[in-house]
Amino acid sequence: MEIVLVVTSPTNAHTDMSGSGRPRTSSFAEPPGAPGAAAAAAGSAVAGGSSAGKSGASQAAGSSSTGFGNLKLARDSGKVTTVVATPGQGPDRPQEVSYTDIKVIGNGSFGVVYQARLIDSQEMVAIKKVLQDKRFKNRELQIMRKLDHCNIVRLRYFFYSSGEKKDEVYLNLVLDFVPETVYRVARHFNKAKSTIPIIYVKVYMYQLFRSLAYIHSQGVCHRDIKPQNLLVDPETAILKLCDFGSAKQLVRGEPNVSYICSRYYRAPELIFGATDYTSNIDIWSAGCVLAELLLGQPIFPGDSGVDQLVEIIKVLGTPTREQIREMNPNYTEFKFPQIKAHPWTKVFKPRTPPEAISLCSRLLEYTPVTRLSPLEACAHAFFDELRQPTARLPSGRELPLLFNFSPVELSIQPQLNSTLIPPHARAQTLPASHEGSVSDSPAQPSSAPGCINNST
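Each residue of the sequence shown is one higher than the one before, starting from 201 at the first, in the numbering used here.
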């Protein structure tokens with residue numbers, strides 16, 4: 201394995217840096233040093249864990265320098281680091297990449313996350329540094345290199361660096377930096393004792409389902425969908441799915457570990473110990489996220505694996521033997537008390553839109569194959585408002601690009617295309633000669649397989 205040369209030099213150009221290396225703040229942001237601010241920063245980078253950022257920020261605040269590979273780098277903007285890195289997409293053509301304003305914004309069992317500013321473009325990036333086991337290829341790197349979608353955090357570059365111990369090698373993933381997470385946005389409204397505007401729920405969830413449709417079409421299951429892993433720009437409302445550290449290319453017939461996914465968002469088949477599960481576990485998790493945004497708190501807040509199942513049964517009722525068989529054919533223990541399902545309308549607040557409740561009920565089903573597919577979720581009536589040409593964010597700003605579907609996306613479930621692309625967006629998404637036959641038409645060619653780069 202090649203270990204790249206990492207060089208530091210004093211900054212003599214680009215010294216302005218707009219006066220600070222900090223990311224821009226927003227209406228959702230807490231001031232630096234506020235409780236939870238560091239955790240959100242870690243989430244904004246790769247969302248490695250809900251508590252990861254606090255310790256990372258403490259480390260940064262408590263020392264004058266931070267270790268990066270075998271270097272000691274100042275936490276301010278006084279030094280530049282230059283590495284030989286490989287682009288995340290395209291040919292393996294290593295190139296020099298320089299960045300500055302390096303600081304720790306999160307750490308945890310996955311490694312350390314840094315924030316930095318690219319010298320050439322002045323863009324902020326997140327650098328996720330993980331210890332590399334030389335016996336195995338890094339699954340996260342392999343998956344990130346094949347994904348290219350507007351609702352997935354982009355792998356810009358990657359490089360290796362040596363650690364302080366002998367033969368210690370670190371993989372560094374240079375990723376898009378996005379300032380907020382759905383977790384923090386929701387918490388912002390909860391602290392203000394208000395509910396998140398339903399338009400945000402729609403815009404965020406729609407983009408999540410788009411990202412899931414794309415990765416599932418590539419055979420990839422994320423396996424850790426949760427609000428902390430959903431990055432958002434609070435000004436544009438663009439959402440990007442991040443943290444593919446648990447993701448895996450699922451192959452039918454090959455076993456997978458069942459102890460995966462954060463507890464509140466774990467699909468029941470995982471709790472039942474299934475090892476031949478499908479990407480439908482991501483759909484369950486997405487349903488939990490939707491329910492949480494509507495409720496203002498997790499819908500299934502279990503304290504343990506068993507307690508998690510109890511919380512699910514309180515809402516969905518006791519699963520039938522057939523449902524258990526569909527979740528895990530090898531599960532034989534069945535000693536749960538018979539509890540009736542709680543009406544969905546009573547699970548949520550009185551003013552919750554019926555379409556939101558309907559969508560939730562179609563995502564949170566025991567039987568994995570009966571859950572909606574990601575694109576079926578996008579086509580659900582809950583998102584009809586987004587397909588109106590007059591739809592706007594509360595600020596009056598236009599919605600982010602929602603209908604710039606690529607040929608890959610349009611080929612997943614073509615029968616849904618006429619619903620997914622509203623009339624006012626068809627001329628901009630499809631060739632003019634095919635405007636009348638959306639369901640059978642390919643989108644305009646695009647360099648990115650996951651999105652067409654146009655405006656709605």
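Beta carbons are placed, not taken as given, at the ideal position from N, Cα and C, and that holds for glycine.
Item: How about the stretch 404-414 and the stretch 361-376: do they share at least three Cβ pairs that are nearer than 8 Å?; Value: no
Item: Taking I460 and L450 to be in contact with their CB atoms under 8 Å, please state how far apart those CB atoms are, rounded to whole angstroms.; Value: Rounded, the Cβ-Cβ distance is 11 Å, inconsistent with contact.
Item: Have a look at S298 and Y357 and give me their C-alpha separation to the nearest angstrom.; Value: 11 Å
Item: Which residue marks the beginning of the beta strand (DSSP E) containing E296, and which one marks its end?; Value: 295-308
Item: Within this structure, are the beta carbons of V313 and I319 separated by less than 7 Å?; Value: no
Item: Is the CB-CB distance between L602 and L616 below 7 Å?; Value: no
Item: Please classify C651 as buried or exposed, where buried requires at least 16 other C-beta atoms within 10 Å of its C-beta.; Value: buried
Item: Taking all protein chains shown into account, do 16 or more other C-beta atoms lie within 10 angstroms of the C-beta of Q508, making it buried, or fewer, making it exposed?; Value: buried
Item: Expressed to the nearest angstrom, what Euclidean distance is found between the alpha-carbon atoms of V378 and I352?; Value: 11 Å
Item: Helix, strand or coil: how does DSSP classify G487 here?; Value: helix
Item: State the Cα-Cα distance for the pair I327 and K402, rounded to the nearest angstrom.; Value: 30 Å
Item: From the DSSP secondary-structure annotation, give me the bridge partner or partners of C421.; Value: K448
Item: Between which two residues does the alpha helix (DSSP H) holding V506 run?; Value: 505-516
Item: Any idea what DSSP makes of K169, helix, strand or coil?; Value: Outside the displayed span of the chain (201 to 656) sits residue 169, for which this structure offers no information.
Item: On a CA-only basis, which of G473, K303, D292, R463 is nearest R525? Give me that one, please.; Value: G473
Item: Going by DSSP, name the residue or residues bridged to M527.; Value: The partner list for M527 (beta bridge, DSSP) is empty, contrary to what the question assumes.
Item: Quick one: Cα of I612 to Cα of I343, how far?; Value: 19 Å
Item: Excluding the 5 residues preceding and the 5 following G233 in the sequence, name in chain order all residues of the same chain whose CB lies nearer than 7 Å to its CB.; Value: For G233, the predicted model reports a pLDDT of 36, less than 50, meaning its position is unreliable and no value from the coordinates is stated.
Item: Less than 7 Å between the beta carbons of V506 and V547, yes or no?; Value: no
Item: Are at least three pairs of beta-carbons, each pair with one atom in the stretch 421-428 and one in the stretch 442-449, less than 8 Å apart?; Value: yes
Item: Measure the C-alpha to C-alpha separation of A550 and A581 and round it to an integer number of angstroms.; Value: The sequence given here has Pro at residue 550, not Ala. Roughly 19 Å between the two C-alpha positions.
Item: Would you say V313 faces chain D, with C-beta separation under 7 Å as the test?; Value: The chain inventory of the structure shown lacks chain D, comprising one protein chain alone.
Item: Per DSSP, L441 is paired with what?; Value: I352, L430
Item: Here's the rule I'm using: 16 or more other beta-carbon atoms within 10 Å means buried, otherwise exposed. How should L273 be labelled?; Value: Since pLDDT at L273 reaches only 40, below the 50 mark, its modelled position is unreliable, and no value is offered.
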